[in-house]
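One structure is given below, encoded as C-alpha cells.
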Amino acid sequence: MPDSQPRADGKRVLADLNALRAIGAYKTGVHKPTFSEPHKLSLDWLVQQLPDAGLTAAIDGIGNVFGTSAKSGPKLLAGSHLESQNYAGWLDGPLGVIYALEAARVLNADPSFKGAVEVAAWCDEEGHFGHFLGSRSYVGQVTEADIDAARDRTSGRTMRDALADMGLAGRPRIAAEPGRHVGYLEAHIEQGDTLESGHLAVGVVTSIVGIWQYQINFVGEQNHAGTTRMAARKDAGLALAKFCVAIDQRFPDTSGPRTVWTTGRITLDPGAPSIIPGGAEMLFQIRDDDPIVIARLEALLRSMADEANANGPCTVTVEKLRTGAPAMMNAGIQDAIEAASKALAGGRSVRMASGAGHDAQMLATIMPAGMLFVPSIGGISHHWTENTADADIVTGAQVFVDACRRILTG
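Just so you know, we're using our numbering here: the sequence shown kicks off at 2 and counts up by one.
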C-alpha cells in the first residue's frame with residue numbers, strides 16, 4: 002500500500018480505549034451493565050467524539066448510538082457495543098466501536114476519498130435485557146411488545162423504566178435504510194487462543210455460530226432425606242445429574258467438529274440439605290455454525306428425554322428457549338480483511354469461525370457483513386482479566402481501517 006495512504010493513529014486508538022476503560026472501571030476490567038450509569042456515560046462519550054469524525058450523532062429509542070455522514074459516495078457501517086458483562090473485560094465491545102470511530106476519522110476526513118464510514122454502537126449485545134436487542138431492533142426483529150416484556154436479568158428492572166431513566170422514553174427507534182450501506186464490518190477480540198497460540202495478528206471470520214438454548218426440567222417427589230429409603234426415592238436432582246453425564250457420553254458421536262455444549266445453570270427445588278429435591282432445572286446450550294448438526298443434536302436430546310421418561314423414576318421435559326441461526330460472513334469482505342492483513346500485518350492472518358455470537362450476525366440478515374478478530378491474551382474473555390497487547394490492538398486498527406478502505410473502493 003502506498004505510504005501516502007492515511008493510516009490509523011495507534012496512540013489515539015489506545016487513548017480512546019483507555020478513556021472508555023476508566024468509565025465504570027473494575028480492577029483491570031469494567032463493570033458496565035446495559036443502561037447503568039457507566040454505560041450511559043460511555044454512550045455520551047461516544048456522542049461527543051463522533052462530530053470530529055465528520056459524523057452527526059444520535060441515540061435512538063432503544064439506546065443505539067449512530068454516527069451518520071452527509072458525504073457523497075458509498076457508505077460502510079461499522080461498530081460494536083459499549084456495555085459489558087458484569088465485572089468483565091474492557092475490550093469486549095469497545096474495541097470494535099473505537100476501530101469504527103478511527104476508520105471514520107481517517108477516511109471521512111480525506112477529501113480525495115469517495116465514500117464514508119458510519120459508526121454504530123449497538124445496545125445490549127451482552128443480553129442484560131435480551132439477545133442483541135439493539136442490532137435486532139435495527140434490522141426489524143424487535144417489537145414494542147418485546148421491549149414491554151424485557152427485564153434486567155440481574156435486577157428485574159423493566160426495560161421501559163431503564164429507557165426512561167436514560168432519557169430515551171418515547172424516542173423513536175432507528176431502522177436500517179435499505180441500500181444505504183455497502184456492508185457492515187465489526188472488530189472484536191477473539192475470546193479464544195487460536196490467534197495467540199499461532200502467533201497471528203488477525204482472524205478473518207468466516208461464520209458466526211448459532212446458539213440454541215433449552216430449559217430441561219425434572220420432576221420427582223420431594224421427601225425427607227433421612228427417612229426415605231434409597232430404593233423408594235424419586236430424586237429429581239439425581240435424575241438431572243445422570244442426564245448431564247449422559248449428554249457428555251452421547252453427544253460426541255453426533256456433533257460436528259466445532260460443536261460445543263454447556264450446562265450453564267442447575268437449580269434444585271427446594272434446595273435444602275435435608276430434603277430430597279422434588280424438582281430440578283438445567284439451562285443447556287448448544288452452539289454450532291451448521292443447522293443440520295444442531296437439528297441432529299436436538300433430536301438426540303429429545304430422544305434421551307423420552308428414554309428417561311420411560312425408565313423413570315422422574316419425568317423430564319425439554320423446552321427450547323432460544324434459536325439463533327448461524328451467519329455466514331461475506332466472501333468479499335473476508336478478502337478485503339485478508340488483503341489488508343497482507344499489507345499491514347505481514348499476512349499473519351487466518352480464516353476462522355466465531356464460537357461466540359456478535360451483532361454482525363444480525364446485520365448479516367440484511368446486508369453483507371464481516372468480522373475481524375485480534376488476539377486475546379490467554380484466550381480469556383467475559384472476565385476482568387481479559388486483555389490484548391497494545392501492539393496487537395494497534396495492528397488490528399491499522400488492518401481494520403485499510404479493510405474499510407478496500408471495501409468502500411471495491
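Beta carbons are placed, not taken as given, at the ideal position from N, Cα and C, and that holds for glycine.
Query, Result
"Through-space distance from I175 to Q362, alpha-carbon basis", "18 Å"
"Stretch-stretch touch, CB-based, cutoff 8 Å, three pairs: the stretch 62 to 73 with the stretch 358 to 373", "no"
"Residues bridged to D270 (per DSSP)", "G280"
"Chain-order list of residues whose beta-carbon lies under 6 Å from that of D291 (same chain, five-residue window excluded)", "G257"
"Buried versus exposed call for L373 [16 or more other C-beta atoms within 10 Å across all chains shown]", "buried"
"Helix, strand or coil at N65 according to DSSP, with G and I counted as helix", "coil"
"Per-residue burial, P271 [other beta carbons within 10 Å of its own, 16 or more giving buried]", "exposed"
"Burial state of R181, where buried means 16 or more other Cβ atoms lie within 10 Å", "exposed"
"Neighbourhood of I148 by C-beta distance below 6 Å, restricted to the same chain and skipping five residues each side", "M160"
"Check whether G227 and L269 have beta carbons under 8 Å apart", "no"
"Nearest neighbour of H32, chosen from L83, K76, I217, K72 [CA to CA]", "L83"
"Residue span of the alpha helix (DSSP H) that contains Q362, given as start and end", "361 to 364"
"Cα-Cα separation, G370 to A311", "At residue 370 the sequence reads Ala, which differs from the Gly that was named. For A370 and A311, the distance between alpha carbons rounds to 47 Å."
"For F244 and M305, believed in contact at Cβ under 8 Å, the rounded distance", "7 Å"
"T396 - containing alpha helix (DSSP H), residue span", "391 to 410"
"Residue interval of the alpha helix (DSSP H) (run including E308)", "292 to 312"
"S248: first and last residue of the uninterrupted beta strand (DSSP E) it sits in", "One point to set straight first is that residue 248 is Ile, not Ser, in the sequence displayed. Careful: I248 lies outside any beta strand (DSSP E), inside the alpha helix (DSSP H) at 237 to 251."
"Spatial neighbours of V118 in its chain, beta-carbon cut-off 7 Å, leaving aside the 5 residues before and after", "L77, A79, A101, A104, A105, L108, N109, C405"
"Per-residue burial, A247 [other beta carbons within 10 Å of its own, 16 or more giving buried]", "exposed"
"Stretch pair the stretch 276 to 287 + the stretch 215 to 230: three plus CB contacts closer than 8 Å", "yes"
"C-beta contact flag for A9 and W46 at 8 Å", "no"
"Alpha-carbon spacing of L241 relative to P376, whole angstroms", "37 Å"
"Which of helix, strand or coil DSSP assigns to L56", "coil"
"According to DSSP, residues forming a beta bridge with V1", "The requested residue 1 does not occur in the structure, where the chain is confined to residues 2 to 411."
"Reduced DSSP secondary structure (H/G/I, E/B, other) of S382", "coil"
"DSSP bridge partner residues for H225 (one or two, in chain order)", "I276"
"Reference G358; option with closest CA among I287, V120, L201", "I287"
"Identity of the residue in G325, S382, Q6, G168 nearest L44 by Cα", "G168"
"Sheet register partners of R288 (DSSP bridge)", "I212, V261"
"Strand pairing of I217, partner residues [DSSP]", "M283, V319"
"Straight-line gap, R158 to F36 (C-alpha atoms, nearest Å)", "10 Å"
"Any 3 or more C-beta pairs closer than 8 Å across the stretch 308 to 322 and the stretch 258 to 265", "no"
"L302 to T207 span [Cα, whole Å]", "28 Å"
"Exposure label - S73; buried when at least 16 CB within 10 Å", "exposed"
"Neighbourhood of G211 by C-beta distance below 6 Å, restricted to the same chain and skipping five residues each side", "G325, A326, P327"
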